[in-house]
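K.L.:
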Amino acid sequence: MFDALSSKISSAFGSLRNRGKISVGDIENTAAEIRQALLEADVALVVVDQFIEKVRVGAIELLPTLQSGVNQAQAIFELVNTELTEILGGGARRVRYAKNPPTVIMLAGLQGAGKTTLAAKLAKFYKDQGDTPILVASDLQRPNAVNQLQVVGQNVGVPVFAPEPGNGVGDPVKVARDGVAFAKSKLHNLVIVDTAGRLGVDEDLMSEASAIRDAITPNEILFVVDAMIGQDAVRTAEAFRDGVGFDGVVLTKLDGDARGGAALSIAALTGRPIMFISNGEKISEFDIFYPERMASRILGMGDVATLAEQAKKAFDPDTSKKLEDKFIKGEDFTLDDFLEQIEAMSKMGNMGKLLSMLPGAGAMKKQIDNFDESEITRTKSIVQSMTPAERRDHKLLNGSRRARIAAGSGRQVSDVNKLVEKFTAAQKMMKQMRSGKGPALPAGMDFNAGMPKPTQQQPKKKSRSGNPAKRAAENS
Numbered sequence: 004m005f006d007a008l009s010s011k012i013s014s015a016f017g018s019l020r021n022r023g024k025i026s027v028g029d030i031e032n033t034a035a036e037i038r039q040a041l042l043e044a045d046v047a048l049v050v051v052d053q054f055i056e057k058v059r060v061g062a063i064e065l066l067p068t069l070q071s072g073v074n075q076a077q078a079i080f081e082l083v084n085t086e087l088t089e090i091l092g093g094g095a096r097r098v099r100y101a102k103n104p105p106t107v108i109m110l111a112g113l114q115g116a117g118k119t120t121l122a123a124k125l126a127k128f129y130k131d132q133g134d135t136p137i138l139v140a141s142d143l144q145r146p147n148a149v150n151q152l153q154v155v156g157q158n159v160g161v162p163v164f165a166p167e168p169g170n171g172v173g174d175p176v177k178v179a180r181d182g183v184a185f186a187k188s189k190l191h192n193l194v195i196v197d198t199a200g201r202l203g204v205d206e207d208l209m210s211e212a213s214a215i216r217d218a219i220t221p222n223e224i225l226f227v228v229d230a231m232i233g234q235d236a237v238r239t240a241e242a243f244r245d246g247v248g249f250d251g252v253v254l255t256k257l258d259g260d261a262r263g264g265a266a267l268s269i270a271a272l273t274g275r276p277i278m279f280i281s282n283g284e285k286i287s288e289f290d291i292f293y294p295e296r297m298a299s300r301i302l303g304m305g306d307v308a309t310l311a312e313q314a315k316k317a318f319d320p321d322t323s324k325k326l327e328d329k330f331i332k333g334e335d336f337t338l339d340d341f342l343e344q345i346e347a348m349s350k351m352g353n354m355g356k357l358l359s360m361l362p363g364a365g366a367m368k369k370q371i372d373n374f375d376e377s378e379i380t381r382t383k384s385i386v387q388s389m390t391p392a393e394r395r396d397h398k399l400l401n402g403s404r405r406a407r408i409a410a411g412s413g414r415q416v417s418d419v420n421k422l423v424e425k426f427t428a429a430q431k432m433m434k435q436m437r438s439g440k441g442p443a444l445p446a447g448m449d450f451n452a453g454m455p456k457p458t459q460q461q462p463k464k465k466s467r468s469g470n471p472a473k474r475a476a477e478n479s
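Numbering (my numbering), first residue to last: 4 to 479.
1) Using three-state DSSP, classify A140 as helix, strand or coil.
2) With M297 as the anchor, note down where its beta strand (DSSP E) starts and where it stops.
3) Go ahead and pull the three-state DSSP assignment for R20.
4) Kindly indicate which residue of D131, K127, G248, D174 has the alpha-carbon position closest to the one of G156.
5) Quick one: using the 10 Å Cβ neighbour count with 16 as the cut-off for buried, is M432 buried or exposed?
6) Can you give me the Cβ contacts of V161 inside the same chain, cut-off strictly under 8 Å, excluding the 5 residues immediately before and after it?
7) Less than 8 Å between the C-beta atoms of S141 and D197, yes or no?
8) Curious, which full-length beta strand (DSSP E) runs of at least 3 residues does the stretch 115-193 contain?
9) Whole angstroms is fine: what's the gap from L8's alpha carbon to A47's?
10) Give the range of the beta strand (DSSP E) segment to which S26 is assigned.
11) Tell me which residue opens and which closes the alpha helix (DSSP H) that F54 is part of.
12) What does DSSP give as the partner residue(s) for M480 in the beta ladder?
13) Roughly how many angstroms lie between the CA atoms of Q459 and D340, to the nearest whole one?
14) Any contact between the stretch 91-104 and the stretch 170-184? By contact I mean 3 or more CB pairs, one from each, below 8 Å.
15) Quick one: using the 10 Å Cβ neighbour count with 16 as the cut-off for buried, is V27 buried or exposed?
16) Going by CA-CA distance only, name the one from T85, Q132, L91, F164 that's closest to K189.
17) Buried or exposed for K285, please, with buried defined as at least 16 other CB atoms from any protein chain shown within 10 angstroms of its CB.
18) Return yes when the Cβ of P175 is within less than 8 Å of the Cβ of I224, no when it is not.
19) With 16 other CB atoms within 10 Å as the buried threshold, where does S412 fall?
20) Kindly list the residues whose CB is nearer than 7 Å to the CB of F289, restricted to its own chain and excluding five residues on each side of it in sequence; keep chain order.
21) Would a C-beta distance cut-off of 8 Å place F54 and E86 closer than the cut-off?
22) Counting C-beta neighbours from all protein chains within 10 Å, is the total for L202 16 or more, i.e. buried, or is it exposed?
23) Mind the definition here: the stretch 58-68 touches the stretch 235-245 only if three or more C-beta pairs lie below 8 Å; say whether that holds.
24) Could you tell me the distance, in whole angstroms, from the CA atom of A298 to the CA atom of A116?
25) When the Cα atoms are used, what is the spatial distance from V154 to K118?
26) Check whether the Cβ atoms of L65 and A78 lie closer than 8 Å to each other.
27) Look at the alpha carbon of A179 and the alpha carbon of G173, and state the distance between them as a whole number of angstroms.
28) Just tell me which of K434, L400, Q435 has its CA closest to the CA of L422.
29) Put V247 into one of helix, strand or coil per three-state DSSP.
30) Residue range of the alpha helix (DSSP H) that I379 falls in?
31) Taking the C-alpha atoms as reference points, what is the distance between A101 and K57?
32) Checking 8 Å against the spacing of the C-beta atoms, do V227 and V253 come in under that value?
33) Between which two residues does the alpha helix (DSSP H) carrying I219 extend?
34) Is the CB-CB distance between V51 and L272 below 8 Å?
35) Locate the beta strand (DSSP E) running through I291, then write down its first and last residues.
36) Tell me whether the beta-carbon of A265 lies closer than 8 Å to the beta-carbon of I291.
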């Protein structure tokens, strides 16, 4: 969503870094470029002007204290990062739990914002953390809303309280109140209430949402907003804040190709934090909103922290420990290990999204956009067509075996050859890393740490001549 904005801001700072000694005029020009980029990204004018003024004044004040060259540009870049993080909310905020369970979360927003799917994602998120959530179907207006909540609830293994069929039948306020009482009687510690929306902000929407709020006294009211609707998202949020009130914002559809200005405007203009983001249709594509991470991505620095968290979830600890032990013992990296790593990567989600979290991903946008997701599936099929012995020792893969594997996986022999070549290169790199000759491992992953270093052979001493004249010449 922020690709265009990130590219333009990176270009502005690229020009600044190429300067020798940065002047006030350079800062003014860079600030103007960033302002234009933010406006084109549909960020609210008042937010843009406040942000640019803080950056411009702060950079000019900072300039006399800095050395010339890259240090100046980097310091200004860090100032922009700080101010951008502040606009996005400053820091992540967690849901406030009730002193006496259950904690009640009410979801509100316009129709089509994705509240029902978001309810299931939120329930799955807290279920994975050890909570016992229940979903309450209080959207009795939208056709099949109750049925949809039951389906997504079943998909994530969370019960759904749905005494009414919906489709215009039933009292949503009574359902919400009874749902909270039911959750309390069954010892659920978290209740997520899905409410009805409308195509626009109107009196019926505000009246129903206010009545449900008063009936259940939620600990958190989360306003769910479609990030793709631009400035309408801000206007809707402000109207809902004034009419009903809410404690936090959830941005959905961040994987869209809209300009994304709502994400940069909504927290600043409503005074309410963005608490969660949904960046895809899959249940797993949901996370806490971290302003500093979003600012990092917009400025082209990637989001390594989120990438690491997703990897930690995907990679089984026992499998990782087994691979680490093999590495330390000097055992070969096999195709079985390779297959386990591929399967773990596929659990992490869309590879294009993962690659976009890497620092400098903006420069590789074309390659990332053209990444073939099915390549992982094809690779798995080739490895899975091998026998256990072939996976343990790829040197067994002669011509006839490769032809059999190609036929079994529905691929060409050339595809098998390419995979073997890539695996051989990976295995070689692992050996080099173990011997200390390859690239350094990231911090915390140095498998050679604590191991005895190989003894270095001392150079042999040259034999000395027995002739006194020759020995004197050697010594000189």
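Every residue gets a Cβ at the ideal spot worked out from N, C-alpha and C, and that includes glycine.
All values reported here derive from a predicted model rather than from experimental measurement.
P.N.:
Per the coordinate set shown:
1) strand
2) That residue, M297, is in no beta strand (DSSP E); its alpha helix (DSSP H) goes 294-301.
3) helix
4) K127
5) exposed
6) Cβ neighbours of V161 beyond the five flanking positions: A123, A126, K127, K130, P136, I137, L138.
7) yes
8) 136-141
9) 14 Å
10) Segment: none, S26 is in no beta strand (DSSP E) and carries neither H nor E.
11) 48-65
12) Because the chain here runs from 4 to 479, residue 480 falls outside it and cannot be looked at.
13) Confidence in Q459 is poor, its pLDDT being 41 and thus under 50, which makes the residue's placement unreliable; the coordinate value appears in the next sentence. If you draw a straight line from the Cα of Q459 to the Cα of D340, it is about 32 Å long.
14) no
15) exposed
16) Comparing alpha-carbon positions, the option among T85, Q132, L91, F164 lying closest to K189 turns out to be F164.
17) K285 comes out exposed.
18) no
19) buried
20) K124, F128, F279, S281
21) yes
22) exposed
23) no
24) 24 Å
25) Rounded to whole angstroms, V154 to K118 spans 14 Å at the Cα level.
26) yes
27) 11 Å
28) L400
29) coil
30) For I379, the enclosing alpha helix (DSSP H) has its first and last residue at 377-387.
31) Each residue's alpha carbon lies about 38 Å from the other.
32) yes
33) 206-219
34) no
35) 289-291
36) In this structure, A265 keeps its C-beta atom at 8 Å or more from the C-beta atom of I291.
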